[in-house]
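Colleague:
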Amino acid sequence: MQNSQLGKMKTLTADVTGVLLAGGKSRRMGKDKTQMALSWQRLTMFERALELLQQNFPAVLIAGERPDLAKPDVPALPDIYPGSALGGLYTGLKAAKTDWIFVAPCDMPYPDQRIVERLLRYRNGYDAVVPRTPSGYEPVFALYHKNCLPQMEAMLQQNQYRIYDFYQRINIRYLDPLELPTGWQRSLININTPDDLARLKEERMTPPVVSIVAKSGTGKTTLLEKLIFEMKRRGYRVGAVKHDAHSFSIDHEGKDSWRLTEAGADTMLITSPAKVAMVKQNQNQEPALLDTISEYCQDLDIVLTEGFKRSSMPKIEVHRRERSEHLLCRGEEHDPSLLAVASDSHHELDVPVYDINDAAGLCDLIVKKFLS
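Take the sequence shown: its position 274, counting from 1, is numbered 274 in the UniProt record's numbering, and each next residue is one higher.
What follows is the structure, encoded as structure tokens:
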């Protein structure tokens, strides 16, 4: 997050403790989920959840008897009433020194910062804020106030563990799909069984891709800039990929990064508080676009590319009459992946035609097709 965003989040979360639920036995999975690392991610699911909590909350604790996961600043506390999610919530809320806790599980591969922010925004006047989707409630990625403790304890002492029954006893605010950020379906996935894991590996949840194509000098980059600005203005996370048919270099001869690459590093990264840059050597063959996006763009809502006119991705063609009378994707070739045309002149086509400067209209189309 940028510094300004961090400042806002610190203000929002000064009275919230992050609680990582790790008291489950992973019986359905058959192995410890806290140690599972998805092959395309740099962290285990436990580490991803812990990172999210530590970035947002001044104090973090683990609810569950897991001394192997504890750190000097992240204690692990055995559940007071073991054996249920409600017991884990009670343990975390009882131990927290703040009025609120935000809970997260250790089996969520794509926990989303934006959902955290949204839940925090709606908490005033309520005892809990919980996402609610067509599949049900998401009780373990939610906010709870200490007002909940008496009702939790009363139920647990009577061996009642159903969180949904607990919700009937408190003043709760549900966040429904229209109030959740785009991409919530991906963010709220839990990995509970080997089948869940296999399905996730199969799908890889690649974000949708739209390619901006045109003949050279038509204005692809200009339109792409406007589209990125408009999508960001609407709150979407946007990736941009530019295709270069030739070899290129982003570092300059003589610089340290260039020297490390020249020395033979297969992957070279430069990190700073603001950015991370990576130079990764291809083995004399450009990887498939989908593979590249799957590897590097999993945390995005949409990827917009410049070029890739030979790909099968949905395309928006940019056209200027002074540059050419003919379109790339309609004419000698009929590209079935053409989504729309942005032009400075009139066309009768089988796809929508937008003014070349109508970034808002094109964004409406992209959102309707891929993000609704």
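Glycine included, each C-beta is placed from N, C-alpha and C at the ideal position. Remember, it's a predicted structure, so these values are computed and weren't measured experimentally.
1. Can you give me the C-alpha to C-alpha distance between Glu325 and Gly18, rounded to a whole angstrom?
2. Count the other CB atoms within 10 Å of the CB of Thr271; is the residue buried (16 or more) or exposed (fewer)?
3. How big is the Cα-Cα spacing for Ile191 and Pro109?
4. Here's the rule I'm using: 16 or more other beta-carbon atoms within 10 Å means buried, otherwise exposed. How should Ala14 be labelled?
5. When the distance is taken between beta carbons, is Pro139 closer than 7 Å to residue 378?
6. Span of the alpha helix (DSSP H) holding Ser187?
7. In angstroms, rounded to a whole number, what distance separates the CA positions of Met268 and Asn282?
8. Does the structure place the segment 95-113 close enough to the segment 151-163 that three or more beta carbon pairs sit under 8 Å?
9. State the beta-bridge partners of Gly136 as determined by DSSP.
10. Does the count of Cβ pairs from the segment 206-223 and the segment 318-335 closer than 8 Å reach three?
11. Who does Lys280 pair with in a DSSP beta bridge?
12. Let me confirm a value: Ala274 is counted as buried when at least 16 other C-beta atoms fall within 10 Å, else exposed. Which label applies?
13. Using a Cβ-Cβ cut-off of 7 Å (strictly less than) and excluding sequence neighbours within five positions of Gln5, which residues of its own chain qualify?
14. Can you check whether the CB of Val303 is closer than 7 Å to the CB of Pro207?
15. Leaving out the 5 sequence neighbours to the left and right, which residues in its chain are closer than 8 Å to Arg123 when beta-carbon positions are compared?
16. Rounded to whole angstroms, what's the CA-CA distance from Val367 to Ala359? Just pull it up for me.
17. Which residues mark the beginning and the end of the beta strand (DSSP E) in which Tyr354 is found?
18. Trp100 bridges to which residues according to DSSP?
19. Please state if the CB of Asp79 and the CB of Gly87 are separated by a distance shorter than 7 Å.
20. Just checking: is the beta-carbon of Ala214 within a distance shorter than 7 Å of some beta-carbon in chain C?
21. Report the three-state DSSP secondary structure of Arg118 (helix, strand or coil).
22. Hey, could you find the ends of the beta strand (DSSP E) Thr305 is sitting in?
23. Helix, strand or coil for Ile366, going by three-state DSSP, please let me know.
24. In or out: Val276 buried (at least 16 other Cβ within 10 Å) or exposed?
25. Based on Cα-Cα distance, which residue from Thr98, Arg121 and Cys148 lies nearest to Leu175?
26. So which of Val318, Glu295, Ser337 and His319 has the shortest CA-CA distance to Ser312?
27. Looking at residue 373: is its Cβ nearer than 7 Å to the Cβ of Glu306?
28. Helix or strand or just coil, what does DSSP make of Lys94?
29. Have a look at Lys369 and Ser345 and give me their C-alpha separation to the nearest angstrom.
30. What does a CB cutoff of less than 7 Å around Gln2 pick up in its chain, not counting 5 residues either side in sequence?
31. For Ala70, collect the residues of the same chain with a Cβ closer than 8 Å to its Cβ; drop the 5 residues on either side in sequence, then sort them by chain order.
32. Let's test the definition: count the other Cβ atoms within 10 Å of the Cβ of Asn171 and tell me whether it reaches 16, buried, or not, exposed.
33. Would you give the residue range spanned by the beta strand (DSSP E) that Ala340 belongs to?
34. Helix, strand or coil, according to DSSP, for Gly235 in the structure here?
35. I'd like the span of the beta strand (DSSP E) that includes residue 381, first residue to last.
36. According to DSSP, simplified to helix, strand and coil, what is Pro105?
Modeller: Let's see:
1. Against the sequence shown, residue 325 aligns to sequence position 325. Against the sequence shown, residue 18 aligns to sequence position 18. Their backbone Cα atoms lie some 60 Å apart in a straight line.
2. Locating residue 271 in the sequence shown gives position 271, where the first residue counts as 1. Exposed, because fewer than 16 other Cβ atoms sit within 10 Å of the Cβ of Thr271.
3. Counting from one through the sequence shown, the residue named residue 191 turns up at place 191. Counting from one through the sequence shown, the residue named residue 109 turns up at place 109. Between Ile191 and Pro109, the C-alpha separation is close to 8 Å.
4. What you label residue 14 is simply residue 14 of the sequence shown in a count that begins at 1. Exposed is the call here.
5. Because the chain is modelled from 1 through 372, residue 378 falls outside the range shown and cannot be assessed.
6. Reading the sequence shown from its first residue, position 187 is the one you call residue 187. Its alpha helix (DSSP H) spans residues Trp184 to Ser187.
7. For the purposes of this step, residue 268 is identified with residue 268 of the sequence shown, where counting begins at 1. For the purposes of this step, residue 282 is identified with residue 282 of the sequence shown, where counting begins at 1. Spanning the two alpha carbons is a distance of roughly 12 Å.
8. Flag = no, the segment 151-163 and the segment 95-113 do not touch.
9. Walking along the sequence shown from the start, residue 136 turns up at place 136. Paired residues: Thr133.
10. yes
11. Translated into positions along the sequence shown, residue 280 becomes position 280. For Lys280, which the question treats as bridged, DSSP gives the partners Thr267.
12. Residue numbering aside, residue 274 sits at position 274 when the sequence shown is read from its first letter. Classification of Ala274: exposed, given that the 10 Å Cβ count is below 16.
13. In the sequence shown, counting from the first residue as 1, residue 5 sits at position 5. Note on Gln5: pLDDT 48, under 50, position unreliable in the model; the coordinate value appears next. Listed in chain order, the non-local C-beta contacts of Gln5 below 7 Å within the same chain number zero, local neighbours out to five positions each way being set aside.
14. For the purposes of this step, residue 207 is taken as residue 207 along the sequence shown, with counting starting at 1. For the purposes of this step, residue 303 is taken as residue 303 along the sequence shown, with counting starting at 1. Contact: yes.
15. Start at 1 with the first residue of the sequence shown, and residue 123 comes out as number 123. If we look at Arg123 and ignore the five residues flanking it on each side, its Cβ neighbours are Trp100, Val129, Leu143, His145 and Arg173.
16. As a position in the sequence shown, residue 367 is number 367, starting the count at 1. As a position in the sequence shown, residue 359 is number 359, starting the count at 1. Answer to the nearest angstrom: the Cα atoms are 12 Å apart.
17. Numbered from its first residue, the sequence shown carries residue 354 at position 354. Segment Val353 to Asp355, the beta strand (DSSP E) holding Tyr354.
18. Walking along the sequence shown from the start, residue 100 turns up at place 100. For Trp100, which the question treats as bridged, DSSP gives the partners Val16 and His145.
19. For the purposes of this step, residue 87 is taken as the residue at position 87 of the sequence shown. For the purposes of this step, residue 79 is taken as the residue at position 79 of the sequence shown. For the 7 Å CB-CB criterion, Gly87 and Asp79 form a contact.
20. As a matter of chain content, chain C is missing from the structure shown, which is built from one protein chain.
21. As a position in the sequence shown, residue 118 is number 118, starting the count at 1. Residue state, collapsed to three classes: helix.
22. Residue 305 sits at position 305 when you count from the first residue of the sequence shown. Per DSSP, Thr305 belongs to the beta strand (DSSP E) from Ile302 to Glu306.
23. Working through the sequence shown from its first residue, we reach residue 366 at position 366. Here Ile366 sits in helix by DSSP.
24. In the sequence shown, residue 276 corresponds to position 276, counting from 1. Exposed, because fewer than 16 other Cβ atoms sit within 10 Å of the Cβ of Val276.
25. Your numbering for residue 175 matches position 175 in the sequence shown. Among Thr98, Arg121 and Cys148, the Cα nearest to that of Leu175 is on Arg121.
26. As a working mapping, residue 312 is identified with position 312 in the sequence shown. Checked all of Val318, Glu295, Ser337 and His319; the closest Cα to Ser312 is Ser337.
27. In the structure as shown, the chain begins at 1 and stops at 372. Residue 373 is therefore absent and cannot be evaluated.
28. As a first step, residue 94 is located in the sequence shown; it is residue number 94 there, counting from the start. Reduced to three states, the DSSP call for Lys94 is helix.
29. Start at 1 with the first residue of the sequence shown, and residue 369 comes out as number 369. Start at 1 with the first residue of the sequence shown, and residue 345 comes out as number 345. Rounded to the nearest angstrom, the two C-alpha atoms are 24 Å apart.
30. To locate residue 2, count along the sequence shown from 1; it is residue 2. Any answer about Gln2 is weak, because its pLDDT of 41 lies below 50 and its placement is not dependable; what the coordinates show is given next. Once the five neighbours on either side are set aside, Gln2 has no close Cβ partner at all.
31. Working through the sequence shown from its first residue, we reach residue 70 at position 70. Contacts found: Ile62 and Ala76.
32. Here residue 171 is taken as the residue at index 171 of the sequence shown, counted from 1. Around the CB of Asn171, fewer than 16 other CB atoms lie within 10 Å, so the residue is classed as exposed.
33. One-based indexing of the sequence shown puts residue 340 at position 340. Per DSSP, Ala340 is one residue of the beta strand (DSSP E) stretching across Leu338 to Ser343.
34. In the sequence shown, counting from the first residue as 1, residue 235 sits at position 235. Coil.
35. No statement about residue 381 is possible, as the shown extent of the chain runs from 1 to 372 and does not include it.
36. Here residue 105 corresponds to residue number 105 of the sequence shown, with the count starting at 1. Reduced to three states, the DSSP call for Pro105 is strand.
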